[in-house]
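**Q** Each step along the sequence shown adds one to the number in our numbering, with nothing skipped, and position 139 is 781.
Quick reminder that beta carbons are idealized off the backbone N, C-alpha and C, glycines included.
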Amino acid sequence: GSRGLGDVYKRQGYYRAMSEAFLDPLETELQGKEVWLIPPHATTIEPPSSADGHIIKFNGKTWELEKMPDPEPEPELTLEELKAQKLKLVDAWTADKITGGFISQCTGKLVRYDSDKDTQLTMQGIALNVSTERFANEYPLGCPVRGYKEGETEKTIQYLNAAQVYTWCADLSSHIGACKQQGWIKQAQVEAALSKEDLDAIILD
643 GSRGLGDVYK RQGYYRAMSE AFLDPLETEL QGKEVWLIPP HATTIEPPSS
693 ADGHIIKFNG KTWELEKMPD PEPEPELTLE ELKAQKLKLV DAWTADKITG
743 GFISQCTGKL VRYDSDKDTQ LTMQGIALNV STERFANEYP LGCPVRGYKE
793 GETEKTIQYL NAAQVYTWCA DLSSHIGACK QQGWIKQAQV EAALSKEDLD
843 AIILD
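So, in structure tokens, the structure goes:
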């Protein structure tokens, strides 16, 4: 005959899934009619077909529709919490500006050089040695630094002599200082903000 269907519910009675029931061969023979094995926490009573916005629950006799609880609203952040978030963004924005490259005319031409952490450390290390024999021996042509010349999209190598390395480092320091000052201005704007709208109006370009 056709297979019976048991509708499985969880221990608290909530509808979970449909599962197949199997014939009980012994009872079917004894009773002379089909007897199905119903797994625990299951029923042969069909659950309602539509339950929009409701949870289906079996109460032992019938299926009930229980209204779904409303989702918890997202807690509104306080102005202080919003400011803390914005200050983190300002810090990241400042760091990106610092490491995002800078312009130096140390070779007499406008060139945009990298200013990532590695480049900063390498150049600071070289600057400490520019007046030594080691610098002269290691860099007879000058210290190679890659950058974009004005109007060019390909990086080229510029060879910097001792004086130019000093100027490069001085320009980098000025660039870092300028970025930090821009960051401080944004921080002050965040601190002074009186509303979420004030914070949203602080643009980090």
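(1) Looking only at its chain, what residues have a beta carbon closer than 8 Å to the beta carbon of Glu-669, apart from the 5 residues adjacent to it on each side?
(2) Given Thr-749, which residues of its chain have a CB within under 8 Å of its CB, disregarding the five upstream and five downstream residues?
(3) Kindly give me the distance between the Cβ atoms of Val-732 and Gln-829, rounded to whole angstroms, as I take these residues to be in contact under 8 Å.
(4) Quick check on DSSP: helix, strand or coil for Gly-643?
(5) Pick from Leu-724, Lys-797, Cys-785 and Phe-777: whose alpha carbon is nearest that of Leu-752?
(6) Less than 8 Å between the CB atoms is what I'm expecting for Trp-705 and Pro-715, so what's the real figure, rounded?
(7) Alpha carbon to alpha carbon, how far is Gly-643 from His-696?
(8) Buried or exposed, going by whether 16 or more other CB atoms sit within 10 Å of the CB of Gly-767?
(9) Using the three-state DSSP reduction, which class does Cys-785 fall into: helix, strand or coil?
(10) By DSSP's criteria, Tyr-801 is part of a beta bridge. Which residues make up the other side?
(11) I think Leu-724 touches Leu-841, with their Cβ atoms under 8 Å apart; what is that distance to the nearest whole Å?
(12) Thinking C-alpha only, which one of Gly-819, Trp-826, Phe-744 and Ala-820 is nearest Val-787?
(13) Roughly how many angstroms separate the alpha carbons of Val-772 and Ala-778, rounded to a whole number?
(14) If we cut at 8 Å on Cβ distances, does Leu-770 have a partner in chain B?
(15) Just how far apart, CA to CA, sit Asp-694 and Lys-675?
(16) Going by CA-CA distance only, name the one from Cys-811, Leu-836 and Lys-730 that's closest to Ser-757.
(17) Going straight from the alpha carbon of Leu-665 to that of Pro-713, what length do you get?
(18) How many whole angstroms separate the CB atoms of Ile-845 and Val-832, which I take to be in contact at a CB cut-off of 8 Å?
(19) DSSP beta-bridge partners for Glu-794?
(20) Out of Ala-804, Glu-671 and Asp-738, which has the shortest C-alpha to C-alpha gap to Leu-783?
**A** According to the structure data:
(1) Val-677
(2) Gln-800, Leu-802 and Gln-806
(3) 6 Å
(4) Only weak support exists for where Gly-643 lies, its pLDDT of 45 falling under 50; the coordinates are left without a value.
(5) Lys-797
(6) Not a contact, Cβ separation roughly 30 Å.
(7) Note that Gly-643 scores a pLDDT of 45, beneath 50, so its modelled location is shaky and nothing firm can be said.
(8) exposed
(9) strand
(10) Pro-786
(11) 6 Å
(12) Selected option, being the one with the closest Cα: Phe-744.
(13) So the alpha carbons of these two residues sit roughly 8 Å apart.
(14) Looking for chain B here will not work: only one protein chain is present.
(15) 38 Å
(16) Considering only alpha carbons, the answer is Cys-811.
(17) 42 Å
(18) So it is not a contact: roughly 12 Å between Cβ atoms.
(19) For Glu-794, which the question treats as bridged, DSSP gives no partner whatsoever.
(20) Ala-804
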